[in-house]
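Counted from 1, the sequence shown has number 98 at position 98 by the UniProt record's numbering; the numbering is strictly sequential. Report on one structure; see the data block that follows.
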Amino acid sequence: PSPSSSPRHHGRADAPVATGAAADLAGAAAQARDLPAGPAPRARARHRHRADHRAPPVDAPRARAPPLPPPPSPRILLPLLLSALRLRRQPHLFLSTFNSLFVSGSSPLPLHPELLLRLLSVLSSTASYFPCALHLLRDVSTRLPLPEPLVLASHNLLIEAAARSGHLAVSISLFHRLRSLHVSPNAETYRILTQSLCRRGQVRTAANLLDEMLHRGIPADPLAYTTVLNALCRKKQLREAYRLLCLMRGREVSPDIVHYNTVIVGMCREGRPLDACKVFRDMRESGCAPNAVAYTAVVNRLCVSGLYDKAEAYLDDMLGKGLLPHFSVFHSVIKGCCAVGKVNEAAGMMTRMLDLGMVPHAETWSSVIRSVCSDEDNVEVVLLQVMKGIKHLSNINSRSTWT
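Dropping the structure here:
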């Protein structure tokens with residue numbers, strides 16, 4: 001056999017053909033060997049993990065954090081806090097819970113003004129929880145940036161609660177604490193303190209507070225002045241009461257009818273009708289029209305003091321102004337006129353009384369009859385008045401029967 005047909009030469013002859021067929025695969029393998037080797041499977045997994053946590057580029061849009069849920073409503077929080085306080089009956093635990101929620105927690109909730117005021121109102125209404133209210137106000141006002149109106153409203157609430165329960169020293173301490181927080185007291189603050197001081201008999205201190213209020217330019221509270229004036233009159237310090245009344249006019253604080261009546265009634269009660277008449281004139285000059293209360297007090301006291309002419313003049317003025325006096329005013333004047341022998345004037349007053357539809361009291365008739373019977377010339381006048389009075393009474397009885 002030829003050399004080409006032998007098995008050895010056959011394998012050599014086929015070698016070039018095999019090499020040519022695998023040329024493309026060999027070239028691809030050579031290119032693959034020339035490339036850098038890729039990472040192992042575990043390395044590839046770590047690479048993907050790092051790629052997932054890689055920081056975004058600077059110019060990439062930043063992903064927004066999800067919005068926080070709105071804070072709970074005071075209508076939801078208030079019953080929960082109060083129920084926890086009533087069930088546990090441990091104010092210190094309540095305070096720590098409140099502080100962790102609103103004051104010193106890692107992410108404190110915004111404190112709603114209504115929630116704070118309602119909590120203080122409920123706590124201060126019970127004597128055992130009142131110290132808890134004081135601690136709560138102190139913690140909140142010193143640790144949180146509260147607005148000034150809320151600080152003032154919360155302090156006024158506790159000042160009034162302390163005054164109502166008789167803790168005057170606590171009220172004064174809270175009053176001074178307002179100033180230490182650089183918050184100015186308002187007219188309500190002064191009114192609460194003056195009323196509390198007057199109830200405790202410290203009227204002069206209350207009057208000094210009113211002076212301080214005027215000096216600071218705070219608008220006057222009429223009720224505070226009424227309280228102090230009434231307390232001064234009850235203490236029989238009428239000179240101080242009149243001085244305060246004049247001080248109000250001097251500082252452009254217009255006294256009203258209640259202020260004048262308080263002083264007038266106080267002076268009449270202490271038997272000083274002429275001083276009451278002076279205040280009555282001051283009231284008219286200031287443009288404040290007297291009412292039936294002022295006229296009644298002055299007329300009755302003038303009659304008791306025997307100044308019947310002045311009393312009759314004030315009664316005439318009262319009727320001229322269209323004010324209807326009480327029957328006791330007529331009784332005082334008629335009785336006074338009879339006491340000094342002015343029977344005709346007494347009879348005239350009875351006539352006016354009957355014309356106004358008033359029924360004289362039995363004692364009024366007795367005073368007139370006794371006075372007239374001592375003078376025979378006036379018996380006819382008395383009989384006419386008696387007949388007119390009987391006719392008037394019969395008309396009233398007939399109307400009441402039909403109705």
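Idealized CB from N, CA, C, for every residue including glycine.
- Listed in chain order, the non-local C-beta contacts of I218 below 6 angstroms within the same chain comprise A187, local neighbours out to five positions each way being set aside.
- Contact between R164 and V103 does not hold, since their C-beta atoms are separated by about 28 angstroms, which reaches or exceeds 8 angstroms.
- DSSP places V343 inside the alpha helix (DSSP H), whose first and last residues are 343-355.
- Cβ contact annotation for C338 (same chain, cutoff 8 angstroms, sequence separation greater than five): A346, S367, V368, R370, S371, in chain order.
- Sequence-distant partners of E160 (beyond 5 residues in either direction) whose C-beta falls short of 7 angstroms from its own C-beta, in its chain, are I192.
- Between the alpha carbons of Y129 and L123 lies a gap of roughly 5 angstroms.
- F327 has its alpha-carbon roughly 27 angstroms from the corresponding atom of D282.
- In this structure, L238 sits away from G201, with a CB-CB distance that is not shorter than 8 angstroms.
- Ranked by how close their Cα comes to the Cα of P325, the residues P360, D309, T227 have P360 in first place.
- Taken through DSSP and simplified to helix, strand or coil, R164 comes out as helix.
- DSSP places V228 in the helix class (H, G or I) of the three-state scheme.
- Between L229 and H259, the beta carbon gap of about 6 angstroms places them in contact (Cβ cut-off 8 angstroms).
- Uninterrupted beta strand (DSSP E) stretches at least 3 residues long and entirely within the UniProt repeat "PPR" (291-325) do not occur.
- K335 sits in a helix when the DSSP states are folded into three classes.
- Nearest C-alpha to I172 among A292, L197, E114: L197.
- Distance from the CA of L109 to the CA of L95, rounded to the nearest whole angstrom, comes to 15 angstroms.
- According to the DSSP assignment, Q195 belongs to the alpha helix (DSSP H) that extends over 187-199.
- Between A276 and C288, the C-beta spacing is not below 8 angstroms.
- Between S125 and the set V151, L158, R251, the nearest pair of CA atoms involves L158.
- Of the candidates G320, P273, A311, the residue whose Cα lies closest to the Cα of H331 is A311.
- Sequence-distant partners of E148 (beyond 5 residues in either direction) whose C-beta falls short of 6 angstroms from its own C-beta, in its chain, are V183.
- Only residues of its own chain outside the window of five on either side were considered, and among them none has a CB closer than 6 angstroms to the CB of N208.
- Our two residues, D309 and V151, have alpha carbons roughly 59 angstroms apart in a direct line.
- A direct Cα-Cα distance of roughly 12 angstroms separates P113 from P145.
- With a 10 Å radius around the Cβ and a threshold of 16 neighbouring Cβ atoms, A220 comes out buried.
- Rounded to the nearest angstrom, the Cβ distance from V329 to T296 is 6 angstroms, consistent with a contact under 8 angstroms.
- If you compare the alpha carbons of G320, C373, K235, A362 with that of G341, the shortest gap goes to C373.
- Nearest neighbour of A362 by Cα position, chosen from R352, V343, K335, G348, turns out to be K335.
- Note on geometry: alpha-carbon atoms of D139 and E270 lie some 51 angstroms from one another.
- Judged by beta-carbon spacing, A224 lies within the 8 angstroms limit of T194, meaning their Cβ atoms are closer than that value.
- Each residue's CA atom was taken as its position, placing A153 and F98 some 20 angstroms apart.
- Taking 8 angstroms as the cut-off, the beta carbon of V253 is found no closer than this to the beta carbon of I264.
- Exclusion of the five residues before and after L315 leaves V299, P325, V329, V333 as the residues of its chain whose Cβ lies within less than 7 angstroms of its Cβ.
- Bounds of any alpha helix (DSSP H) do not take in V359, whose DSSP letter is neither H nor E.
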